[in-house]
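Data first, discussion second: the structure below is written as structure tokens.
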Amino acid sequence: MRSGETACLPAATRAPPRVGGVGSSSPASDTQPASVPLAGQLAAGTCEIVTLDRDSSQPRRTIARQTARCACRKGQIAGTTRARPACVDARIIKTKQWCDMLPCLEGEGCDLLINRSGWTCTQPGGRIKTTTVS
């Protein structure tokens, strides 16, 4: 990695499905009103950051690693939207079209890495944040 770049290595996990909600074998479950999640459970379609580690020991470079826990709906998978963990269309992850999930902040430009192992977010001032997926 080059100097001045930041790498985030997200490792996402799914929360267990809610009773009668997403993941239920009952075809009527999609039409039932959403229930209130129990303590420790996430509402369907939401994510939370579980761990966040930052290493700023090298000048002009910060390496951040975060782990998120998500409870995604059918057809979605854990991803990143506006630099936050989010449930995104599974097709984006399968095809590695990372910029389709809008991972950069408002005003930043998104570009895929050549080997599709991640993306870069370029700020108007020229600072580049590189994110790789593991």
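Per UniProt numbering, residue 1 is the first one in the sequence shown, and the count goes up by one each step.
Each residue gets a CB set at the ideal place from its N, CA and C atoms; glycine is no exception.
- P59 counts as exposed, since fewer than 16 other C-beta atoms from the protein chains shown sit within 10 angstroms of its C-beta.
- For T81, same chain residues with a beta-carbon under 8 Å away, outside a window of 5 residues either side, are V88, M101, L102 and P103 in chain order.
- In the DSSP annotation of this structure, K96 is not part of any beta strand (DSSP E), being labelled neither H nor E.
- Taking C-alpha positions only, K94 is separated from V50 by approximately 24 Å.
- Cα atoms of D111 and Q97: separation of roughly 10 Å, rounded to the nearest angstrom.
- Inclusion of L52 and A71 in the CB contact set at 8 Å is not warranted, their separation being larger than that value.
- Residue I77 holds the alpha-carbon nearest to the alpha-carbon of I92 among I77, E48 and R84.
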